[in-house]
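For reference, the structure discussed in these notes is given below.
There are 2 protein chains.
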Amino acid sequence: MTPTIRTTEAGEHLGERVRLRGWLHATRSLGGITFLVLRDGWGTIQLTIESEEGLRPLHEAGAMVESVIEAEGLLRAEPRAPGGFELVQVTLGVISPVTSPVPVSINKTRLTAQQATLLNHAPLTLRPPARRAIFKLSALTMAGFRQTLQGEGFTEVQTPKIVASATESGANVFEIDYFGQRAFLAQSPQFYKQTMVGIFERVFEVGPVFRAEPHATPRHINEYVSLDVEMGFIENHFTVMAMLREVLAGIMAHLEIHAQQALEILKITLPEVPRQIPHLHFEQARVLLAEIQGGPVLEEPDLSPSEERLLGKWAQQEHGSAFVFVTGYPMCKRPFYTHPQPEAPQWSNSFDLLFRGTELVTGGQRLHRPEDYHQALEQAGLPRTPFASYLEAFECGMPPHGGFAIGLERFVMQLVQAPNLRLTTLFPRDKARLTP
Amino acid sequence: MTPTIRTTEAGEHLGERVRLRGWLHATRSLGGITFLVLRDGWGTIQLTIESEEGLRPLHEAGAMVESVIEAEGLLRAEPRAPGGFELVQVTLGVISPVTSPVPVSINKTRLTAQQATLLNHAPLTLRPPARRAIFKLSALTMAGFRQTLQGEGFTEVQTPKIVASATESGANVFEIDYFGQRAFLAQSPQFYKQTMVGIFERVFEVGPVFRAEPHATPRHINEYVSLDVEMGFIENHFTVMAMLREVLAGIMAHLEIHAQQALEILKITLPEVPRQIPHLHFEQARVLLAEIQGGPVLEEPDLSPSEERLLGKWAQQEHGSAFVFVTGYPMCKRPFYTHPQPEAPQWSNSFDLLFRGTELVTGGQRLHRPEDYHQALEQAGLPRTPFASYLEAFECGMPPHGGFAIGLERFVMQLVQAPNLRLTTLFPRDKARLTP
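Below you can see the structure in the form of structure tokens.
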């Protein structure tokens, strides 16, 4: 019996008769010969049809591009064919015909459709190799993230997304009707991952988070995948930053091994993760920005996107690093559970990691003493009652701990240098978009 | 410098001085000697303190059980100690003291607290080895699931949880205020995972699903983790069932290798996954149930929980299998996208997998021709417009495909034979419970 193979297995079956199944990606005729491209879930392959007769099954079914087909034939090397192989002496079959033209042309090397068209027709426009390679990178990023952390003794958790009170603040939270009660969609697994340090010391989670931010920017969407990490028995935020460095290096190593095809299709090279990622304290960053800009920097407690870009350029030029840490952000800009810098408590033991000049990761050391939480809630003007379960973790003994969160789509956006986060999200959600 | 080790690394450091850090799990005095149990994120170890003087750091800090401590000392084998090791010549330090008794005693071998108490105080009651072993099994189940599917060429996806319309039906869906629009929490990734077959052929997802079922049973909660799979180019539902068998076998093999400690703590053995899981068509199941019960079976289009238990017993007795498939459920009880049995269209190409007499997995072949969808929606009295994006996937060419979904907490519940799904869920959500 003829074996059924994947397009990516062609090299192992040269000179053999095989069967391939997939989508009719493209057709092209040249001097009486027709070249079809069959695309399956892994790659593409050229089918060379030497006579009109060979195309009859397609004609009879009225099968146009994106029809689901099968092809039996002889596999041989053909240096002029994309990928280096072709199927000849082909017998075609139509499994599921598409008899009207598809709404967007997806078989050019570069998709020329507008972003809105790409997103509106995602069930179709995610299919071509250059689009799906992006989501292959997403999948492999998650795999590299998990593998690195499992190797460091972390346990995976899944925490609830329906919560009784907002995590970080009362703003930007989606409200749910929960059997007649008010409930909310979790803005992050923050409270739960900290709680889980009391159980497993080291935990991670990969899951959706929900932010009801009404503004539309190319770097924000309202539902995204957060790669969350939390660990106990740290010295301070630098212990956490060292772990983040290992995680990033682990992801890159995983992509290096498993994502070669996607990287080639997208024509990108992976950034190197330096053994020591450069870091600047917030105060130093401001001095540096004043120098670079040749004038005083506004007295803001945060960095603007353009300042982040300047720091990204500086790290690349001075340290050859696509990554740079900014540490010590003013306490007033960080959430109430942030641990202050012990010797200068207006600053925090927190950090952001910029990747190519854009904020990619936020993290830091958290408070761990119950009395510090009581004080922090009081200072933030928050009542203790809604936080009772969270506080119980600290009242029952918690070590110094901290963690971080990486936005998956943001990471891939920066990796492939996409102009908009919506292009590295399978089915993005923003104020104007709830479908597909 | 004294190395800091995990409790589970003790065997590699016998005869050495080491430092351990963790929680003061228990204390016991016997003839002037005090035995402390230190619990870290991985296990426990006995600290043997031969004098009152050695306990002074605890006394001075007023440190009670669950205090975070460190201990330096000499590691040696001690067959009488739980785990077979003890730390002697101990110097104690208190990292974070707990100075009031914790609200629930968690240091007995069996927790005697009521279920409600366990759930109310989860940040504490998840800590003891017998509770956290359950969630170690959850983590390893996810890992085994992913590893098996990656080996079979599946790509991981993350699809949106905020959706514009209900997936399976209009009932049992949580409503969200989405910037003033009505939106819903996804009841399953069904539509998206089918759509993704058009992109990657084989996909899986691990993520939360939300069911607004108002009834409270020991086997239902309102948010759970679904292990979802979908694959293209199947023959029929039996292709999907064969893949499910591989996934179950892969999970068990992964647990066998990585979960020994958890399995020992919980005193459970893994069920064998037979090479061929027994299966019964729904019609056969009814005949069999009539025989077993010695009388006619009610003409219902579904099986009751007690009927499922009887079939589970039958599979164990007749086939030595903890698993049994029931196939061909009446079309009227399956969702509109279900593929009928070609030669007898009142039945469906669908299945349930029962594990120890409880439904664990639902799956089947889906429709793939657009005209079949148009007809199915019409028969179900549903308009096409809300399904426009979903239908686009089929209009743009889709192969025969199918898949399944495993409930993670349900799987672990049946594995450890817990009496209630809430005990195998970290922070369960039901009509009466939104915290912790």
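Quick mapping for you: the protein sequence lines, in order, are chains A and B.
Counting with the working numbering, you get residues 1 to 436 for the letters of the first sequence.
Counting with the working numbering, you get residues 437 to 872 for the letters of the second sequence.
Beta carbons: idealized from backbone N, C-alpha and C, even for Gly.
### Message
Just to confirm the assignment, what range does the beta strand (DSSP E) spanning F863(B) have?
### Response
Neither: F863(B) is in no beta strand (DSSP E) and is coded neither H nor E.
### Contact check, V240(A) vs G363(A), beta carbons under 8 Å
yes
### Query
Once you ignore the five residues that flank L680(B) on each side, which residues in its own chain have a CB closer than 7 Å to its CB?
L789, V797, G799, F840
### Message
By the 7 Å beta-carbon criterion, what residues does the segment 533–565 of chain B contribute toward chain A?
### Response
V534, V538, H557, P559, L560, L562, R563
### Query
For the beta strand (DSSP E) that contains A405(A), what are its first and last residues?
401–407
### Which of helix, strand or coil DSSP assigns to T109(A)
coil
#### Entry: Selected residue, minimal CA-CA separation from Q850(B), among F471(B), L706(B), A517(B)
L706(B)
### Within chain A, the residues that S662(B) reaches when beta carbons sit closer than 9 Å
Ordered by position in chain A, no residue passes the 9 Å Cβ test against S662(B), which lies about 10 Å from the chain.
### Against chain B: residues of the segment 168–185 of chain A by CB proximity under 8 Å
F174, E175, I176, D177, Y178, F179, Q181, A183, L185
### Task
List the residues that DSSP assigns as beta-bridge partners of W347(A).
P330(A)
### Query
Which parts of the segment 584–639 of chain B are runs of the beta strand (DSSP E), unbroken and 3 residues or longer, counting only runs that do not cross its ends?
611–614, 617–621
### Collapsed DSSP secondary structure at M667(B) in the structure displayed
strand
### Below-8 Å beta-carbon distance, E66(A) vs any chain E residue
The structure shown contains no chain E; its protein chains are A and B.
### Task
Under 7 Å Cβ to Cβ from T2(A), same chain only, skipping five residues before and after it: list those, please.
R17, V18, R19, E72
### Message
Residues of chain A with CB closer than 9 Å to the CB of E496(B), please, in chain order.
### Response
Those do not exist, as E496(B) stays about 17 Å from chain A at its closest Cβ, beyond 9 Å.
### Minimum C-alpha distance to A186(A) - residue among A164(A), G198(A), K333(A)
A164(A)
### DSSP beta-bridge partners of F355(A)
F323(A), T358(A)
### Other residues of its chain near L483(B): CB distance less than 6 Å, five sequence neighbours each side excluded
L472, L474, A507, L523, V526
### Query
In chain order, what residues of the same chain have a beta carbon less than 6 Å from the beta carbon of T99(A), not counting five sequence neighbours either side?
G62
### Task
Please confirm if R638(B) has its CB atom under 8 Å from at least one CB of chain A.
yes
### Query
Counting Cβ pairs closer than 8 Å, one from the segment 134–154 of chain A and one from the segment 192–206 of chain A, do we hit at least three?
yes
### Task
Only counting runs of 3 or more residues, tell me where the beta strand (DSSP E) segments fall wholly within the segment 669–755 of chain B, in order along the chain.
715–717
### Message
Output needed in chain order: residues of the segment 129–149 of chain A with a Cβ under 9 Å from some Cβ in chain B.
### Response
R131, R132, F135, K136, S138, A139, L140, M142, A143, R146
### Task
Decide if the segment 217–225 of chain A is in contact with the segment 248–266 of chain A; the criterion is three or more beta carbon pairs, one per stretch, under 8 Å apart.
no
### Task
Mind checking who A513(B) pairs with in its DSSP beta bridge?
F521(B)
### Task
Leaving out five residues on either side along the sequence, give the residues of the same chain with a beta carbon under 7 Å from the beta carbon of F387(A).
L377
### Message
Using only CA atoms, which one of R275(A), G295(A), P335(A) lies nearest to S321(A)?
### Response
R275(A)
#### Entry: Same chain, Cβ closer than 8 Å to L560(B), five either side skipped, listed in chain order
E502, V538, P539, V540, I542
### Query
Taking Cβ-Cβ distances shorter than 8 Å, what residues in chain A pair up with M834(B)?
V68, S96
### Message
The beta strand (DSSP E) that contains R492(B), what's its start and end?
### Response
Counting along the chain, R492(B) falls outside any beta strand (DSSP E), though it belongs to the alpha helix (DSSP H) covering 492–497.
### Query
Count the other CB atoms within 10 Å of the CB of I670(B); is the residue buried (16 or more) or exposed (fewer)?
buried
### Query
At a Cβ cut of 7 Å, what residues of the segment 23–39 of chain A count as close to chain B, listed as they run along the chain?
W23
### Task
Give a yes or no on whether the minimum CB-CB distance between S389(A) and chain B is below 8 Å.
yes
### Message
Shorter than 7 Å, the distance from the beta carbon of N856(B) to the closest heavy atom of the ligand ATP, or not?
### Response
As presented, the structure is devoid of all ligands, the ligand ATP included, so that no description of it is given.
#### Entry: Backbone secondary structure at T34(A) - three-state DSSP
strand
#### Entry: Span of the alpha helix (DSSP H) around Q815(B)
806–815
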